[in-house]
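Residue numbers (our numbering): 494 to 785. A virtual CB, placed ideally from N, CA and C, is assigned to each residue, including glycine.
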Amino acid sequence: MKYPIVQVKTKDDLWLYGLFLEAPKSETVLINVHGTASNFYEEYFIEVLSEKLIEKGASLLSSNNRGASVYDPYQKSGAAVEKFEDCVKDIDSWIEFVMRRGYKNVVLSGHSLGTEKVVYYLGHGKYKDKVSAIILLAPADSFGSHRLYEGKPNVKTAHRVDVLLEEAERLIREGQKDKFLPRDAYGSHEGIMPKSAESFVNFLGENSKLTEALSFHRKKLEIYGQISVPILAVIGDGEEYTAIPTKEALELLKSENKNTETHLFKNCDHDFQGKEIKLSEVVINFLAKLSL
């Protein structure tokens, strides 16, 4: 048996792990980039999607990035300490991995925060011209959703962010950039996890690179508008992280880039629970139209 757990080392010496499921003689691979504090194995839709992809002759690499889980004390990595723009190093390493194995068609897919990393990569990545298509599953505006909800001021969360930004900036000035903020510091829906002072400012400060990705709240998607490959965006109608109403977010994606195909699933949550087969069918049909 070919061991399916693989690893790469980034240029800044971070080990990343992934699940690599290969279809025989395949030239197409879908690389999935997980969301906030997740990992390569957590979302069930990956299991269902992998089966459908392999049936159609495409491989799947479900990859970890440096934002996997909340915190890894051995590597000092995880969502609590990552810098958003470092996602480029992670995706570079995984694309190098599949290119060394002869894959010619690279489909870059992301879920939640992973969609923002995918879009950002298409603006800054070393191998962005090697990407044949991108897939955005539950596209998110992580920066904007800390300020807005359904297009209206998210007053409670925005106030918490402002208070914590002041605290984080003070800690950085005092040389304590690695000190953790409270366990509910980060997360637009009432807070879900801690962040180091440095990571918090990196994600939610005024110079955040997140605003270059999917800034639905700004109604302008500069990098996204310049993407020249086919794009698939799929989202549920449940509670999401788009800052503006979900339908408006999908309309913005289509108006900003004519290469966009969108799908809105009814009675569907952020993780596509119960909709995994439907999601897989949409992805397979999208790739079939591209002859990938």
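Nearest neighbour of residue i, chosen from the options [CA to CA]
i      : options                           : result
HIS763 : ILE737, SER784 and ASP730         : ASP730
GLU870 : GLY637, ILE685, GLY684 and VAL694 : In the structure as shown, the chain begins at 494 and stops at 785. Residue 870 is therefore absent and cannot be evaluated.
GLU548 : VAL611, PRO566, GLU515 and TRP508 : GLU515
SER689 : LYS670, PHE538, SER681 and HIS682 : LYS670
VAL612 : LEU703, MET592 and ARG653         : LEU703
VAL599 : THR755, SER531 and PHE590         : PHE590
Paired residues, beta bridge with residue i - DSSP
i      : result
ASN729 : Residue identity differs from the one stated: residue 729 is Gly in this sequence, not Asn. According to DSSP, which records beta bridges pairwise, GLY729 is partnered with PHE758.
GLN446 : The shown model of the chain, from 494 to 785, leaves out residue 446, and the question about it has no answer.
ALA651 : According to DSSP, which records beta bridges pairwise, ALA651 is partnered with nothing at all.
For residue i, three-class secondary structure by DSSP
i      : result
LYS597 : coil
SER638 : helix
ASN827 : Absent from the structure is residue 827, since the part of the chain shown begins at 494 and ends at 785.
TYR620 : coil
LEU785 : coil
VAL526 : strand
TYR679 : strand
THR521 : strand
LEU697 : helix
Assigned exposure category for residue i - 16 Cβ within 10 Å defines buried
i      : result
ASP585 : buried
ILE588 : buried
TYR567 : exposed
LYS610 : buried
GLY595 : exposed
LYS502 : exposed
GLU769 : buried
ASN760 : exposed
Contact between the stretch 675-682 and the stretch 581-588 is defined here as three or more beta-carbon pairs at a separation below 8 Å; is this criterion met? With the cut-off at 8 Å, the stretch 675-682 and the stretch 581-588 do not touch.
Is it the case that the stretch 509-529 contacts the stretch 543-553, given that we only count it when at least three CB pairs across the two stretches are under 8 Å? Touching, yes, given that three or more Cβ pairs across the two stretches are closer than 8 Å.
Can at least three beta-carbon pairs, one atom from the stretch 604-623 and one from the stretch 644-664, be found at a separation below 8 Å? Contact check between the stretch 604-623 and the stretch 644-664: fewer than three CB pairs, one atom from each, fall below 8 Å, which does not count as touching.
How about the stretch 494-501 and the stretch 539-547: do they share at least three Cβ pairs that are nearer than 8 Å? As far as the Cβ criterion goes, the stretch 494-501 does not touch the stretch 539-547, which means the pair count is below three.
Check whether the stretch 527-534 touches the stretch 744-760, taking contact to mean three or more Cβ pairs, one atom from each stretch, closer than 8 Å. The stretch 527-534 vs the stretch 744-760: no contact.
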